Amino acid sequence: MCGRMAAVFSSEDAKEEFEIDVIKKDFSPRYNLAPTQDTPVIISGSKVFDLFKWGLIPYWAKDKNIGYKMINTRSETIAEKPVFKKAFQDFRCAILISGFYEWKDKIPFYFKLKGAKIFALAGIASLWKNESGIEIGTCSIITVESNSLIKKFHDRMPVILDKEKIDIWIKKQNKDIDFLQSFLKPFSPKKMEYYQVSDKVNSVKNESPDLVDEI
């Protein structure tokens, strides 16, 4: 499971890193990004950078609180459960982060890619209208069985996309289930690193650059 993240970059940083064509919403660095909060994503079309609420709310849902239950989506059942299958085939996104947090014995650790300021997670998305008729983008992180680096902390990890595969992943014309599932694999542990961070990250109220610093 991935339940807390950091996105230590701006929308302009993301535009430069991923050659984004359109920035729909500006984004400033976040150090303690939690479910239901605005999360930076790339969606298809003309390669658009946007902010979606973290926690998938299907378009037909009447209660937005369902999003709390859908911050992660298991790769093993994504093509079976109707609530996920439609988004998997029709509306995928790349969720941009700098790293994510996991806990062991109540001690927080920060996981990131070696040498990367920003990287992408495989996600699915939905556009949901609230009671006022305002359309809100929402997303969920796809998870797989953990690699050897993360397994000692948690049995699940987010699907990390190689940079060169992002455009293929978000392209709406790609609907073949078997092809899409070929993306859903544990990332190489040799390309990742982690370290202990301050327990201040335990509270979502805390939001400061030192949260991602090694201690």
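In numbering that gives the first Met the number 0, the protein residues as written are 0 to 214.
Beta carbons: idealized from backbone N, C-alpha and C, even for Gly.
Being a predicted model, the structure only gives us computed values, none of them experimental.
- Return the residue from the list N64, I214, N31 that minimises the CA-CA distance to S197. Working through the sequence shown from its first residue, we reach residue 197 at position 198. It is I214 whose Cα lies nearest to the Cα of S197.
- Query: For W53, which of helix, strand or coil comes out of DSSP?
  - Reply: Within the sequence shown, the letter at position 54 stands for residue 53. It is a strand residue.
- Task: Could you have a look at S10 and say whether DSSP puts it in helix, strand or coil?
- Result: Numbered from its first residue, the sequence shown carries residue 10 at position 11. Reduced to three states, the DSSP call for S10 is helix.
- Message: Under 8 Å, with one C-beta from each stretch per pair, do the region 146–153 and the region 187–205 reach the 3-pair mark?
- Response: yes
- Quick one, which of K61, P208, K170 has its alpha-carbon nearest L179's? As a position in the sequence shown, residue 179 is number 180, starting the count at 1. Checked all of K61, P208, K170; the closest Cα to L179 is K170.
- F152 (DSSP reduced to helix, strand or coil): Taking the first residue of the sequence shown as 1, we reach residue 152 at position 153. The answer is coil: DSSP assigns F152 none of H, G, I, E or B.
- What is the DSSP secondary structure of V158, counted as helix, strand or coil? For the purposes of this step, residue 158 is taken as residue 159 along the sequence shown, with counting starting at 1. Residue state, collapsed to three classes: coil.
- Would you grab the beta carbon distance between I140 and L112 for me? Rounded to a whole angstrom, and I think it's under 8 Å. For the purposes of this step, residue 140 is taken as residue 141 along the sequence shown, with counting starting at 1. For the purposes of this step, residue 112 is taken as residue 113 along the sequence shown, with counting starting at 1. About 15 Å; that fails the 8 Å criterion.
- Does the count of Cβ pairs from the region 155–164 and the region 55–70 closer than 8 Å reach three? no
- Considering only C-alpha positions, which residue in the set V21, G136, Q88, K63 is nearest to L50? The residue labelled residue 50 in the question sits at position 51 within the sequence shown. Among V21, G136, Q88, K63, the Cα nearest to that of L50 is on G136.
- Item | Of the residues V21, A115, I165, R29, the one placed nearest S207, counting alpha carbons only | Your numbering for residue 207 matches position 208 in the sequence shown. It is R29 whose Cα lies nearest to the Cα of S207.
- Item | Beta-carbon proximity list for K164, same chain, < 8 Å, skipping 5 on both sides | On the sequence shown, residue 164 is found 165 positions in, with the first residue counted as 1. Around K164: F182.
- Would you tell me roughly how many angstroms separate the C-alpha atoms of N201 and K103, rounded to the nearest one? Residue mapping note: residue 201 aligns to position 202 of the sequence shown, counting from 1. Residue mapping note: residue 103 aligns to position 104 of the sequence shown, counting from 1. The alpha-carbon atoms of N201 and K103 are separated by roughly 12 Å.
- Round the Cβ separation of I94 and K84 to the nearest angstrom and send it over; I've been treating them as touching at under 8 Å. As a working mapping, residue 94 is identified with position 95 in the sequence shown. As a working mapping, residue 84 is identified with position 85 in the sequence shown. Not a contact, Cβ separation roughly 19 Å.
- Just the C-alpha distance for Q172 and K46, rounded to the nearest angstrom, thanks. The count along the sequence shown starts at 1 and reaches residue 172 at position 173. The count along the sequence shown starts at 1 and reaches residue 46 at position 47. Distance between the alpha carbons of Q172 and K46: 14 Å.
- Message: Considering Cα atoms alone, identify which of D37, F99, D212, E130 is closest to A124.
- Response: Your numbering for residue 124 matches position 125 in the sequence shown. Of the candidates D37, F99, D212, E130, the one whose C-alpha sits nearest the C-alpha of A124 is D37.
- Considering I167, what are the terminal residues of the alpha helix (DSSP H) in which it resides? For the purposes of this step, residue 167 is taken as residue 168 along the sequence shown, with counting starting at 1. Counting along the chain, the alpha helix (DSSP H) containing I167 begins and ends at 165–169.
- Item | Supposed contact pair K116 and F8 - C-beta distance, whole angstroms, cut 8 Å | Reading the sequence shown from its first residue, position 9 is the one you call residue 8. Reading the sequence shown from its first residue, position 117 is the one you call residue 116. With a Cβ gap of about 6 Å, F8 and K116 count as contacting.
- Cβ pair P107, V82 closer than 8 Å: For the purposes of this step, residue 107 is identified with residue 108 of the sequence shown, where counting begins at 1. For the purposes of this step, residue 82 is identified with residue 83 of the sequence shown, where counting begins at 1. Contact flag unset, no.
- Task: Can you give me the Cβ contacts of I42 inside the same chain, cut-off strictly under 7 Å, excluding the 5 residues immediately before and after it?
- Result: Your numbering for residue 42 matches position 43 in the sequence shown. Same-chain partners within the cutoff: D49, C92, A124, I169.
- Where do the N-terminal and C-terminal ends of the beta strand (DSSP E) with L32 fall, by residue? Taking the first residue of the sequence shown as 1, we reach residue 32 at position 33. Unbroken beta strand (DSSP E) run through L32: 29–32.
- Message: So for G66, helix, strand or coil by DSSP?
- Response: Against the sequence shown, residue 66 aligns to sequence position 67. Three-state result, G66: helix.
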